[in-house]
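Residue numbers 1 to 66, in full-length UniProt numbering, belong to the letters of the sequence shown in order.
All C-beta atoms in this analysis are idealised placements derived from N, C-alpha and C, irrespective of residue type, glycine included.
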Amino acid sequence: MQNVTLKVEGMSCNHCVKAVEGALEEIGASGKVNLAEKTVQVEYDESKLSLDSIKEAIEEQGYDIA
């Protein structure tokens, strides 16, 4: 398993947290958002997912990866 912390621009509320964490769950990753720091800690199986696919899932929700 791989762990990475991503800076996510545009999150401001609990709806944002659920959108980002839900998008990660849908693709088979798990994420824990820190709203105050505007980051998400992602755990994923690098043999099944790429970092690009994780970033894409978050960006599809309307957020930018810094």
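Collapsed DSSP secondary structure at residue i in the structure displayed
i     : result
Gly22 : helix
Ser30 : strand
Glu56 : helix
Leu49 : coil
Candidates the options: closest to residue i by CA position
i          : options                  : result
Ala36      : Ala66, Lys7, Gln2, Ala29 : Lys7
Gly31      : Ser12, Asp52, Ile58      : Ile58
residue 78 : Cys16, Tyr63, Ile54      : Given a span of 1 to 66 for the chain in the structure shown, any question on residue 78 remains unanswerable.
Ala11      : Asp52, Val42, Lys38      : The sequence given here has Met at residue 11, not Ala. Checking every option, the nearest Cα to that of Met11 belongs to Lys38.
Nearest-angstrom Cβ-Cβ length linking residue i and residue j, presumed shorter than 8 Å
i     : j     : result
Glu46 : Val33 : Not a contact, Cβ separation roughly 21 Å.
Met1  : Tyr63 : At roughly 23 Å, the Cβ-Cβ gap does not stay under 8 Å, so Met1 and Tyr63 are not in contact.
7 Å CB neighbourhood of residue i in its chain, flanking five on each side removed
i          : result
residue 68 : As displayed, the chain neither begins before 1 nor continues past 66, which places residue 68 out of reach and without an answer.
Gln61      : Ala19, Val20, Ala23
Leu51      : Val4
Nonlocal neighbours in the same chain, by C-beta distance under 8 Å from residue i, ignoring five residues either side
i           : result
Ile65       : Leu6, Lys7, Val8, Glu9, Lys55, Ile58, Glu59
residue 129 : This structure gives no information on residue 129, because the portion of the chain shown stretches from 1 to 66.
Glu26       : Ala57
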